[in-house]
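For the sequence shown, my numbering gives the first residue as 110, with consecutive numbering after it.
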Amino acid sequence: MFDVGGGELILIILVILLLFGPKSLPDLARTVGKGIRQVKKAQEDLTQQIRDISADVEKPVEQLRADLDKATSITPASHTTPRKQQTDDTNP
Numbered sequence: 110m111f112d113v114g115g116g117e118l119i120l121i122i123l124v125i126l127l128l129f130g131p132k133s134l135p136d137l138a139r140t141v142g143k144g145i146r147q148v149k150k151a152q153e154d155l156t157q158q159i160r161d162i163s164a165d166v167e168k169p170v171e172q173l174r175a176d177l178d179k180a181t182s183i184t185p186a187s188h189t190t191p192r193k194q195q196t197d198d199t200n201p
């Protein structure tokens, strides 16, 4: 994801050790782990909310689609009469 090589990773670890020291490193790792878990949980919650909203919107759309299909399959009586008979009836 970040495209970090081996040498770069060692350099990052050394900088972190220099900045925070070896004593506070476990606390820092716990804090970072908690933060990552919270971000993942928030992402999962947001994804679930989007799925729920999508499902709520999809139900009326499917009902509307079914109603439209039903309405378009009904043909009025004037359209069922053959064309030749219609022209014969209108011409005296």
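Glycine included, each C-beta is placed from N, C-alpha and C at the ideal position.
Treat the numbers as computed from the prediction; the structure is a model and nothing was measured.
Same chain, Cβ closer than 8 Å to residue i, five either side skipped, listed in chain order
| i | result |
| --- | --- |
| leucine 134 | Ile125, Leu126 |
| isoleucine 141 | Strictly speaking, residue 141 in this sequence is valine, with isoleucine absent from that position. Closer than 8 Å at Cβ, skipping near neighbours: no residue. |
Sequence-distant residues of the same chain with beta carbon closer than 6 Å to residue i, five excluded per side
| i | result |
| --- | --- |
| leucine 137 | Phe129 |
Own chain partners of residue i with C-beta closer than 7 Å, once the 5 adjacent residues on each side are dropped
| i | result |
| --- | --- |
| aspartate 112 | none |
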